[in-house]
């Protein structure tokens, strides 16, 4: 369920992929590669990528047939997975992903939208003025969509959802009973690119945003879709106003996130987590279940289950309060 | 003046209230309760609530006839106020408030709005394209309302106000000469609910937002209306861009609040206060008059009049600068 | 190129300026003053202002014919520049600027806009629904403008630009290949005013916003135009979502600024700078080239080239990590 929306242009021949990357090798059996996925979700006939020892355990178990990696990392791959040695793993991954999913790079405004008055939803949805609907959109029973909201292409809305005014949503799967207040941007590509002098290279974002049942998104929030995995807001998790959730972030169930919090890319937040206002979570972190993070905190390392932390950098809240008496 | 907008469905019989809460008591004289209010604003014939020793002084003086409270707190109530002992004071308060003010829970988009061209304001107000006006709205002399702005139901606009484009405003009382720039959300319910597994319970927000004379609200700001009291921005107080003001916050006069500041629920800010960019104020605090709070500060306790503070947690600015030399 | 948009109402006679400020002096030769500019950009026949020793070096070299300043500062001015002694330099500067550029004070919504369908851009630009265009706007080849976006007066858009939906842009010069995502406010006046009890006095903002080639502005960002100079985002510099850039800020080339960063007025950021999420930069600072600022940092002093800093206040990142082990 990584990617129900972007159309896969595969399969591609493995030697075409190699030629495209200008690698100086040739594979004897020019087999077809059906998709590019991360280490965990790959299957036979897929190509994957492995760029950091951090993912060693996943690398050992990958089922992919080929893997973009480096000379020093290739030793961790299983025998069933052939290493393709490249200079820059992420850059090569980005290039190949763009071939499989060319539409995932472009995030211009959606020219396909039409007035909701001209769609099948006219008599089904309660909607405001100037609502626009793109291609490949479905909307469940008993939903409300406020004024000036744009549901761009690739959006599924469940039942009993209340979407406010002035929102822009794309590439997003919305479960039942979700509430999105006003002025939100959901499903845009994340802030991911390769810095290149005078001309940065955007990398593809083939993930979506998944808003689980009964979650709530406050006014003026931005939730970017994932690059190689999805951005997820868990069941019954409530976000206050002006929150920023970056690409690939996964937030668990029954969590409460106060105003102006920012969560950087690829971090994972557990269930029953409470995050105070203006706290920030760095990227690629794992915040456990039942964690409480004080307002204003800056979290720069993993936080185990059941911890209470505060401060910048965040530490045990008792230590924080003691050190600052 | 707490609540000029939401319609009170009372009076209710006290024994009906008790039955609704499933309490195992019965009041001999089944009197009519006209309203639910906080300890301070309650009068005879009202029901109130008392959930924390913090409000002991207010409890002692309340004029309410009944009070939702706990066994241990009821001792502070005057003889004229009968205690109703409940397990969870705030939850019970929320439930009763929802009965008095059923419209204060629902914050779906306002379906009552129509084009300003079809209202009495057509020839009175200078307005942009696609402006929408809800029920129960009044607008004074010499006002401007920008493009795509939605004045939802329950809004009073004074004279000489300049409201920019893409704003959404509801349940708000705007005095004369107020300026609201663009992309703001004003008057939505706050981030208040009872966390319940899989299905949080929103509590009612029967307060409004009150923008006093000559105040200014910067682009992309969110100001939530109060729950049991009002959210207030004082006279000639200026807010920069991207500011978040939570429910029940009261800001005094002639204050200056820089970009991206966040003020959590129920805090009170005095007059002539200066708050630097990105500072955060925790909830339920009292910031005195003439206080200066440095940019980036995290304020987690009350600040007396005439103080200059900085840091996280915020302390005397001289100490902060000395400790960080 | 400070100000291609606001119409200069000059020249003014110097003795009229003096009379307006109610100064008790008279200049023998009642010469014409063509413009008001800062110390550096002034030429013969201009009036300038000098209010802080911080700008001593600039004062010594100014080519202006007159300068609003104080008794104690006037000694730094060259003989070619006559000092006009005033009580409050910035207030007097503001008043005179308002006479030269009366339109630079007023930032009400632009009543001049019309539907893009009624403009010359109808067949040239790829645009969404409800796009509005003001006076004095030009748009290059191969541009996209999303739904509900308002290009107010005084905007130049280069070639190959992608502007998303729900943006409001004014007084802005946009070079080629710039991307503005959604919900941004660009070119509004900054948060600059003289605090006066009950009635603050806005000062004029005669600068513009300049977005250099290939830069990108994320969703929900606000970029204020300059007061006496321009606000600039450099070539190939990328801004993430919810960023606030205050008036007169200048950001160099190839810089990367993560979500929710705030940069206060008049600060200068170099080339190849990386700023982590939620970091804040105080006003009037100079951040050098190749600087890295950790997420959540609060920068309150100048940072030299090639430094890596983190913390609040920000310090050498090694010290920060060591002190917080």
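Protein chains in written order, with this note's numbering: chain E, 813 to 1137; chain W, 813 to 1137; chain B, 813 to 1137.
Idealized CB from N, CA, C, for every residue including glycine.
Asked	Found
The stretch 1015 to 1025 of chain W / the stretch 973 to 992 of chain W touching (three or more Cβ pairs under 8 Å)	yes
For residue 930(B), the three-state DSSP class (helix, strand or coil)	helix
Chain-ordered neighbours of residue 1068(E) on chain W, where CB pairs are closer than 9 Å	1003, 1005, 1007, 1012
Residue-level contact to chain B via CB, residue 818(E), 7 Å cutoff	no
For residue 879(W), the residue or residues it bridges with in DSSP	860(W), 895(W)
Where residue 961(E) falls: helix, strand or coil (DSSP)	coil
Within chain B, partners of residue 938(W) - CB distance below 8 Å	923
Assigned exposure category for residue 1037(W) - 16 Cβ within 10 Å defines buried	buried
8 Å contact criterion, which residue 837(W) and residue 826(W) should meet: CB distance rounded	So it is not a contact: roughly 10 Å between Cβ atoms.
Contact with chain W by residue 1105(B), beta-carbon distance below 7 Å	no
First and last residue of the uninterrupted beta strand (DSSP E) at residue 1128(W)	1126 to 1128
In DSSP terms, what residue 1022(W) is bridged to	985(W), 1044(W)
Bridge partner(s) assigned by DSSP for residue 844(B)	825(B)
Coarse secondary structure for residue 1050(B), derived from DSSP in three states	strand
Euclidean distance between Cα positions of residue 994(E) and residue 1015(W)	19 Å
Chain W contact for residue 1016(B) (CB, 7 Å cutoff)	no
Nearest-angstrom Cα separation, counted from residue 974(W) out to residue 1048(W)	14 Å
Any non-hydrogen atom of the ligand FAD closer than 6 Å to residue 817(E) Cβ	With respect to the ligand FAD, the structure offers nothing, as it holds no ligand at all.
Proximal residues of chain W, C-beta to C-beta of residue 942(B) below 8 Å	941, 942, 960
Length of the line joining the Cα atoms of residue 813(W) and residue 897(B)	Note that residue 813(W) scores 49 on pLDDT, short of 50, meaning its location in the model is unreliable; the coordinates nonetheless yield the value given after this. Straight-line Cα distance between these residues: approximately 50 Å.
Coil, strand or helix - residue 1013(W) by DSSP	strand
Contact set between residue 976(W) and chain B, taken where Cβ atoms lie within less than 7 Å	921
Within chain B, the residues that residue 1124(E) reaches when beta carbons sit closer than 8 Å	1108, 1123, 1124
Short CB-CB distance (under 7 Å) between residue 1079(B) and chain W	no
Residue 930(B) classed as buried or exposed, judged by whether at least 16 other C-beta atoms fall within 10 angstroms	exposed
Beta-carbon proximity of residue 946(E) to residue 965(E), cut-off 7 Å	yes
Closest by C-alpha distance to residue 1135(W), when choosing among 1129(B), 1134(B), 1125(B)	1125(B)
Chain W within 7 Å of residue 906(B), Cβ atoms only	no
Buried versus exposed call for residue 1013(B) [16 or more other C-beta atoms within 10 Å across all chains shown]	exposed
Integer Cβ distance of residue 950(E) from residue 968(E), believed to fall under 8 Å	5 Å
Backbone secondary structure at residue 818(B) - three-state DSSP	coil
Whole-Å CB distance - residue 960(B) paired with residue 971(B), under 8 Å assumed	Not a contact, Cβ separation roughly 23 Å.
Close beta carbons around residue 1076(E), own chain, < 7 Å, minus the five adjacent residues each side	1058, 1093, 1094, 1095
Burial state of residue 924(E) (16 or more Cβ within 10 Å)	exposed
Own chain, CB closer than 6 Å to residue 991(W), minus 5 neighbours either side, in chain order	974, 1028
Other residues of its chain near residue 846(E): CB distance less than 6 Å, five sequence neighbours each side excluded	822, 823, 857
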